[in-house]
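> Heads up, the final residue of the sequence shown is numbered 672 in the UniProt record's numbering, and it's a clean run with no missing numbers. Even for Gly, the Cβ is constructed at its ideal location relative to N, Cα and C. Have a look at this one.
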Amino acid sequence: MADGWLAAGGLGSEAMGPEAECTGWAAEEEPAPLEKGLFQDDDSYSDCSDQKKPGSSLPSVVLAGKVNFPEMFQTSHLLFYERFRAYQDYILADCKASEVREFTAEFLEKVLEPSGWWAVWHTKVFKVLVEVTDVDFAALKAVVRLADPCLFECQVFTLECVVELLEMKEHRLPLHELWVVFDDSGAFDQTALAIEHVRFFYQNIWRSWDEEEEDEYDYFVRCVEPRLRLHYDILEDRVPSGLVADYRSLLSQCEESYRKFLNLRSSLSTCTSDTEQENISMVEGLKLYSEIEQLKQKLKLIENPLLRYVFGYQKNSNIRAKGVRPNGHKVTHVVSSAMMTGLLQSLLRDRLCQEPCQEEVEIQFHSDPLSAVNACYEGDTVIVCPGHYVVHGMFSIADSIELEGYGLPDDVVIEKRGKGDTFMDCTGADIKISSIKFVQHDAVEGILIIHRGKTTLENCVLQSETTGVTVRTAAEFVMKTSDLYGAKGAGIEIYPGSKCTLSDNGIHHCKEGILIKDFLDEHYDIPQISMVNNIIHNNEGYGVVLVKPTIFSDLQENAPDGTEENKALKIQTSGEAEAAERVDLDELIQCATGKVGLCVRSDLCEQVEGNCEIVHELLAASTQKGQLRKKRLSELGITQANDDLMSQEMFVSIVGNQFKWNGKGSFGTFLF
């Protein structure tokens, strides 16, 4: 199974450079000449000894500590695709969860040297040098004895204690606790790599409950690949730090609950009499089982990269508003790297003293915009003078303030450098930002996140490398005459229960233009969305994407045509299609369903079709959501519901938007 691994450009070989001498995993076959792997990078790793060791294609590393242990193979540097290929092609293949140990043992039996190598038995408490005399492949353990001379380091136990522990273990140690001592002949390269993959798998991929999962699926596809991708996404700072903390917390909770469940199940299996205590334990077991299943579902939601992207991470912002100053005064903060007399005179004329009778205003000067925003209280204004400002922190705006650039956006540039979750976090009741260009680098989340309150963006430029703007539930976002581009995710993400007004903007060169994360649950309020005269173009995917559960598609297919809502919807959409055919530059298309008002205007037939398609999907999802809610109320015995409660006060205005050169078209849906 593992024949010719290195020769095929597999595990470890790609990162070792083209001159590395290779040894096949199977001694009976002569390996093919080693070529540089498809994804090989000449600088894939760096270590304590960069020069090539004769015969070995792996680097070495020296253990830190007071005892001079021999050099060990450095194997923790492996890249994602190297581990991916190892697990998929050579170790796990298409095995089931219950077959993981069997497949791993079979792999090790083919590539591991059964004896004659040294290793450091490395735990959290001690390190000791041992010699491997045999390997129990089925148990994934090595039979060892203390090396001669003996090297040992521990701050807690003596060597005699470790010897006693070794005897208790019958000199059999788990392979993942052994770190292979470096050998420059290359004879033990494959042994070191194989043990590294076993160690990594059981430390980062395997879960104690995996064997009890359904056994009718490919374990690699279902569990290994998403967990491996998440591990490297976290290493490379592509996952919000809050989500990483949540994931680790959920994992710890699940492991603890599963441990309790196993103990409870074990105690029940030893009980022979039907006692009250046993019945209580069974109820506790059912509760634990339900809790474990819920935790596992949450973990899978984070592990799956697509679902993680679609549903996003809704963190609770800890920003607290300062409120009004104790003296009740408002302050104008002026940001400039160097204040010249001419600039000061212009500011006094244009911004600070516009009216002669205006009351006295306190002015504070700052050299960078971040310190100015941090100094703000409710009602303050920040004026950023022309210049290129580099910040390394995050803007956390919790009070109602105004942040405005003095000049054109290209003249007032705020650039974020350094790693971090986001650029701007907004929770204030009424925040206004204008005439500034924001440039984002190396962030994990979007360039602007509105958690709650209202944020207005006018005449701004947003250059993002992750997601653009995220509008959370219960937040309101207004964007006018602005330009947003470069997002590797969606330009704008709209969550359920939010309000979003977009007019005269350009959204382009993103993965998707606008992603509407709506209808995840029928209890969420319908978002209020207005899109007027926007140009959405050159995005990799769709101009607009609507996320909705499969249940709504099923409702749409199974809904009887006789309902008034479906009839109205069919009349409306057919009318839009006819209007698209006979569109005129000055024609205004009006569509209405119940309390929902709709206005669609376009300059071109193609644009009318795009606008109408978006409106149709939003209204259809809204109608289906109402049907689902009525059904829930009916199941509760509520046969007559207040129409004001049943129908959402949603006004969708999709007017004059242009969709050009988007990779997949103007509009698409994502079903989950």
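#1: CA-CA distance, F201 and S208?
#2: Going by DSSP, which residues form a beta bridge with G541?
#3: Using 8 Å as the cut-off, can you tell me whether the region 163-171 makes contact with the region 69-89, which would need three or more C-beta pairs spanning the two stretches below that distance?
#4: Measure the C-alpha to C-alpha separation of V61 and T332 and round it to an integer number of angstroms.
#5: Below 8 Å between beta carbons: does that hold for I414 and I436?
#6: Among residues of its own chain, excluding the 5 on either side of G668, which ones have a beta-carbon nearer than 8 Å to its beta-carbon?
#7: Only counting the same chain, and skipping five residues up and downstream in sequence, which positions put a Cβ closer than 7 Å to that of H231?
#8: Check the DSSP bridge columns for Q528 and list the partner residues they point to.
#9: Indicate the three-state DSSP secondary structure (helix, strand or coil) for A394 in the structure shown.
#10: When you compare the CB of R351 with every CB in chain B, is at least one pair closer than 8 Å?
#11: Quick check on G597: does DSSP put it in helix, strand or coil?
#12: What are the boundary residues of the beta strand (DSSP E) that T270 is part of?
#13: Give the secondary structure of D368 by DSSP, where H, G and I count as helix, E and B as strand, and everything else as coil.
#14: Checking 8 Å against the spacing of the C-beta atoms, do I401 and F423 come in under that value?
#15: Could you pull out every unbroken alpha helix (DSSP H) segment of at least 4 residues lying fully inside the region 153-241, listed in chain order?
#16: How long is the line joining the alpha carbons of L352 and L235, rounded to whole angstroms?
#17: Which residues does DSSP list as the beta-bridge partners of K416?
#18: When you compare the CB positions of residue 682 and N662, do they come within less than 8 Å of one another, or not?
#19: Tell me whether P527 is buried or exposed, calling it buried when 16 or more other Cβ atoms sit within 10 Å of its Cβ.
#20: In this structure, how does DSSP classify E462 when only helix, strand and coil are distinguished?
#21: Determine the DSSP secondary structure at H77, reduced to helix, strand or coil.
#22: Count the CB pairs spanning the region 108-120 and the region 152-167 that are closer than 8 Å, and state whether there are at least three.
#23: Name the two residues that bound the continuous beta strand (DSSP E) containing Q658.
#24: If I measure Cβ to Cβ from V180 and keep anything under 7 Å in the same chain, skipping five residues before and after, which residues do I get?
#25: Under a three-way DSSP split, which group does M72 fall into?
#26: When the distance is taken between beta carbons, is D210 closer than 8 Å to A93?
#27: Exposed or buried, what is K664 when buried is set at 16 or more other beta-carbons lying within 10 Å of its beta-carbon?
#28: Does any heavy atom of the ligand FMN sit closer than 7 Å to the C-beta of V130?
#29: With DSSP as the reference, please indicate the residues paired to E293 in a beta bridge.
#30: Can you tell me which of the three DSSP states G285 falls into?
#31: Are V444 and D237 close, meaning C-beta to C-beta below 8 Å?
#32: Rank D410, V391, V469 and D442 by C-alpha distance to the C-alpha of C426 and give the top, closest one.
#33: Rounding to the nearest angstrom, what Cα-Cα distance links H366 and N327 in this structure?
#34: Can you check which of these residues, D430, K660 and D442, is closest to G453 by C-alpha distance?
#35: From what residue to what residue does the alpha helix (DSSP H) around V384 run?
#36: With DSSP as the reference, label R83 as helix, strand or coil.
In this structure, then:
#1: 12 Å
#2: None, per the DSSP bridge assignment.
#3: no
#4: Answer to the nearest angstrom: the Cα atoms are 57 Å apart.
#5: yes
#6: G541, Y542, V544, V545 and L546
#7: N204
#8: K499
#9: What sits at residue 394 in the sequence shown is Met, not Ala. Note: M394 maps to coil in three-state DSSP.
#10: Absence of chain B from the displayed structure is noted, only one protein chain being present.
#11: At G597, the pLDDT of 40 sits below 50, so the modelled position is not reliable; the number obtained from the coordinates is stated separately. In this structure, G597 counts as strand in the three-state DSSP scheme.
#12: No beta strand (DSSP E) contains T270, which is instead part of the alpha helix (DSSP H) from S241 to T270.
#13: coil
#14: no
#15: 159-168, 189-200 and 225-235
#16: 48 Å
#17: V391 and Q440
#18: This structure does not reach residue 682, given that the chain is present from 1 up to 672, and the question cannot be answered.
#19: buried
#20: Note on identity: in this sequence residue 462 is Leu, with Glu being the wrong assignment. Secondary structure at L462: strand, using DSSP grouped into helix, strand and coil.
#21: coil
#22: no
#23: Q658 to K660
#24: M72, F73, W117, A119, F188, T191, A192 and I195
#25: strand
#26: Taking 8 Å as the Cβ cut-off, A93 and D210 do not qualify as a contacting pair.
#27: exposed
#28: This structure lacks the ligand FMN; in fact it carries no ligand of any kind.
#29: The partner list for E293 (beta bridge, DSSP) is empty, contrary to what the question assumes.
#30: DSSP places G285 in helix when its eight states are reduced to three.
#31: yes
#32: V469
#33: 21 Å
#34: D430
#35: Where V384 is concerned, there is no enclosing alpha helix (DSSP H), although the beta strand (DSSP E) it sits in stretches over T381 to V384.
#36: Helix.
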